[in-house]
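Asker:
Numbering (the numbering used here), first residue to last: 241 to 297.
What follows is the structure, given as structure tokens:
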């Protein structure tokens, strides 16, 4: 397995703000789910020998 140039998605956390704003936790969870999906898509493309346009420069 080759090492990816892209970091593993991690959830951003703002504990104080998440306590005050209940919707913020849901938003951060949604961002993480999106980041994981994008990361998986990139992994599959790289596995097929493709590269991102921005990585080709």
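No residue lacks a Cβ here, since even glycine has one placed at the ideal position from N, Cα and C. Treat the numbers as computed from the prediction; the structure is a model and nothing was measured.
#1: To the nearest angstrom, how far is the alpha carbon of residue 283 from that of residue 265?
#2: Taking the straight line between their C-alpha atoms, what separation do you get for residue 249 and residue 276?
#3: Just checking my contact of residue 271 with residue 252 at CB under 8 Å: how many whole Å lie between their CB atoms?
#4: Quick one: grab the DSSP three-state call for residue 292.
#5: With respect to the alpha helix (DSSP H) encompassing residue 305, which residues constitute its N-terminal and C-terminal limits?
Answerer: Working from what's here:
#1: Position 43 of the chain shown holds residue 283. Position 25 of the chain shown holds residue 265. The C-alpha of residue 265 is placed about 27 Å away from the C-alpha of residue 283.
#2: Working through the chain shown from its first residue, we reach residue 249 at position 9. Working through the chain shown from its first residue, we reach residue 276 at position 36. Distance from the CA of residue 249 to the CA of residue 276, rounded to the nearest whole angstrom, comes to 6 Å.
#3: Numbered from its first residue, the chain shown carries residue 271 at position 31. Numbered from its first residue, the chain shown carries residue 252 at position 12. Contact flag correct, Cβ pair sits at about 7 Å.
#4: Numbered from its first residue, the chain shown carries residue 292 at position 52. Residue 292 falls in the coil class under three-state DSSP.
#5: Examination of residue 305 is not possible in this model, given that the chain is present from 241 through 297 alone.
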